[in-house]
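Working notes, beginning with the structure itself.
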Amino acid sequence: MLVKYCDISHQLRSLLIRQFANYPARIRIVYLEAPWEELLKRNRDRIARIQEKVLYKMKNRLEVPNITEAQAIDRIVH
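Note that UniProt numbering has the sequence shown beginning at 1, numbered continuously upward.
Here you go:
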């Protein structure tokens with residue numbers, strides 16, 4: 001399963017998870033995390049920037065994946 005940056009809530013991810021669960025496959029979520037200041041810096045360095053107020057809203061709505069959502073979750077923190 002590919003969980004994109006915008007799949008920040010359990011509700012959004014669950015829509016995809018339910019679809020994949022219909023197939024005989026195991027679901028694995030890879031959650032990548034970087035320090036907040038690093039994320040803001042990367043955004044400032046991009047050509048197509050996201051408004052910081054939007055990033056703060058996303059941060060406040062973030063629900064880190066938990067083991068009830070998949071058979072395996074890899075959490076990689078930089």
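Beta carbons: idealized from backbone N, C-alpha and C, even for Gly.
Member of the options whose CA lies at the smallest distance from the CA of residue i
i, options, result
"Asp74", "Asp45, Tyr31 and Lys57", "Tyr31"
"Val77", "Arg13, Pro35 and Leu40", "Pro35"
"Ile27", "Glu33, Arg13, Asn60 and Leu39", "Arg13"
"Asn66", "Lys53, Ile29 and Asn22", "Ile29"
Paired residues, beta bridge with residue i - DSSP
i, result
"Leu32", "Ile76"
Cβ shell of residue i (< 7 angstroms), same chain only, five flanking positions each side left out
i, result
"Met58", "Ile8"
"Glu63", "Ile8, Ser9 and His10"
"Arg61", "Ile8 and Ser9"
Cβ-based neighbour list, residue i, same chain, cut-off 8 angstroms, excluding 5 preceding and 5 following
i, result
"Asp45", "none"
Residue i in three-state terms, based on DSSP
i, result
"residue 84", "The requested residue 84 is not part of the displayed model; the chain covers only 1 to 78."
"Ser14", "helix"
"Ile67", "helix"
"Gln51", "coil"
"Asn43", "helix"
Nonlocal neighbours in the same chain, by C-beta distance under 6 angstroms from residue i, ignoring five residues either side
i, result
"Glu33", "Val77"
beta-carbon residue i near the ligand GDP non-hydrogen atom, thresh 8 angstroms
i, result
"His78", "This structure lacks the ligand GDP; in fact it carries no ligand of any kind."
- request: Answer yes if the stretch 58-70 comes into contact with the stretch 11-23, meaning at least three C-beta pairs across the two stretches below 8 angstroms, and no otherwise.
  value: These segments touch.
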